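Here is the structure we will look at, set down as structure tokens.
In the UniProt record's numbering, the protein residues as written are 1 to 300.
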């Protein structure tokens with residue numbers, strides 16, 4: 001290997017010349033890294049412009065555009081890193097591109113078994129994109145992890161959990177995906193009504209609430225909320241079910257709004273909700289069989 005920048009006879013050079021040679025090559029490497037950084041920034045800028053809204057025309061749906069951008073950004077980083085390393089080797093050691101590629105081929109065969117997972121991750125990343133399994137911003141379940149997709153790269157997918165945890169999942173390990181952000185989503189609300197209450201009156205109040213919610217949140221609703229009727233007979237109450245279909249990621253907000261409004265409407269109309277009795281005895285010897293139990297507390 002011919003090290004082009006290093007003197008063949010180091011004794012023939014003084015330390016000042018050697019110092020200059022080293023600094024000159026370090027300066028070249030720094031300039032190359034700065035150029036690569038600027039190139040990467042410009043590439044990301046133009047990729048972003050290509051994949052977002054331009055002149056009032058949407059080129060790609062937002063989530064698909066974000067996913068494609070994330071993948072292309074990851075690919076660009078790895079490609080530029082390889083090219084910079086190649087150029088540094090050529091400059092320092094005077095190695096031709098053909099020799100480097102040939103050496104890389106031999107090294108690749110030697111490390112083939114060790115890099116199988118890397119290749120698997122990269123291939124899986126492309127299939128995730130082209131099969132449109134999920135996009136950046138989708139709420140998904142991957143294996144045991146549930147969260148919002150923040151980034152899909154060549155090798156890994158970043159999933160942000162509800163509690164803020166960031167799960168970094170190798171693409172090759174993704175075997176099954178549950179996507180909660182595709183198609184219409186079910187909003188399901190169950191309401192318990194005591195047996196002593198007028199069931200028909202309670203259902204009329206719920207229907208009125210459903211109509212109000214449909215008017216106010218119509219842009220988020222695909223199919224309006226409806227009262228399905230009795231779904232269960234409990235020990236002290238019956239269970240009514242209200243269902244609706246919403247746009248992706250809107251089902252939980254609609255469920256919360258229905259519960260809040262139904263509760264308020266019941267209070268306004270004087271309709272009781274179940275009240276569960278619990279007995280708390282601090283001293284078992286205090287009460288006799290003939291004495292009333294006055295230590296019970298009521299929980300709503």
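Where is the CB? At the ideal position from N, CA and C, for every residue including glycine. This one's a predicted model, so the numbers in the text were calculated from it and none came from an experiment.
Using CA coordinates, which residue listed in the options is at the minimum distance from residue i?
i           : options            : result
residue 80  : 261, 91, 41        : 41
residue 150 : 124, 69, 255, 269  : 69
residue 230 : 199, 46, 142, 175  : 199
residue 91  : 48, 32, 130        : 32
residue 223 : 254, 202, 206      : 254
residue 182 : 246, 24, 83, 235   : 246
residue 145 : 249, 225, 233, 178 : 178
residue 73  : 250, 119, 134, 156 : 156
residue 120 : 172, 39, 228, 252  : 172
residue 252 : 168, 76, 75, 220   : 220
residue 234 : 196, 21, 258, 167  : 196
residue 248 : 228, 207, 226, 148 : 148
residue 274 : 238, 127, 256, 168 : 238
residue 127 : 176, 93, 85        : 176
residue 135 : 158, 265, 168, 20  : 158
Give the DSSP bridge partners of residue i, in chain order.
i           : result
residue 226 : 243
residue 301 : The question about residue 301 has no answer here: the residues shown for the chain are numbered 1 through 300.
residue 160 : 148, 166
residue 193 : 238
residue 45  : Answer is none; residue 45 lacks a bridge partner.
residue 232 : 239
residue 139 : 148
residue 188 : 243
residue 179 : 140
residue 221 : 246
How many whole angstroms separate the CB atoms of residue i and residue j, which I take to be in contact at a CB cut-off of 8 Å?
i           : j           : result
residue 194 : residue 272 : 6 Å
residue 88  : residue 174 : Not really, about 35 Å apart at Cβ, beyond 8 Å.
residue 205 : residue 269 : 5 Å
residue 71  : residue 154 : 7 Å
residue 23  : residue 76  : Not a contact, Cβ separation roughly 31 Å.
residue 139 : residue 78  : That belief does not hold up - the Cβ atoms of residue 139 and residue 78 are roughly 28 Å apart, past 8 Å.
residue 262 : residue 191 : 6 Å
residue 258 : residue 225 : 6 Å
residue 201 : residue 227 : With a Cβ gap of about 13 Å, residue 201 and residue 227 do not count as contacting.
residue 166 : residue 152 : Rounded, the Cβ-Cβ distance is 14 Å, inconsistent with contact.
Check whether the region 151 to 169 and the region 199 to 216 are in contact - that is, three or more C-beta pairs closer than 8 Å. Judged by Cβ distances under 8 Å, the region 151 to 169 makes no contact with the region 199 to 216, as fewer than three pairs qualify.
Is it true that the region 229 to 248 meets the region 172 to 189, where meeting means three or more beta-carbon pairs spaced less than 8 Å apart? Yes: at least three Cβ pairs fall under 8 Å.
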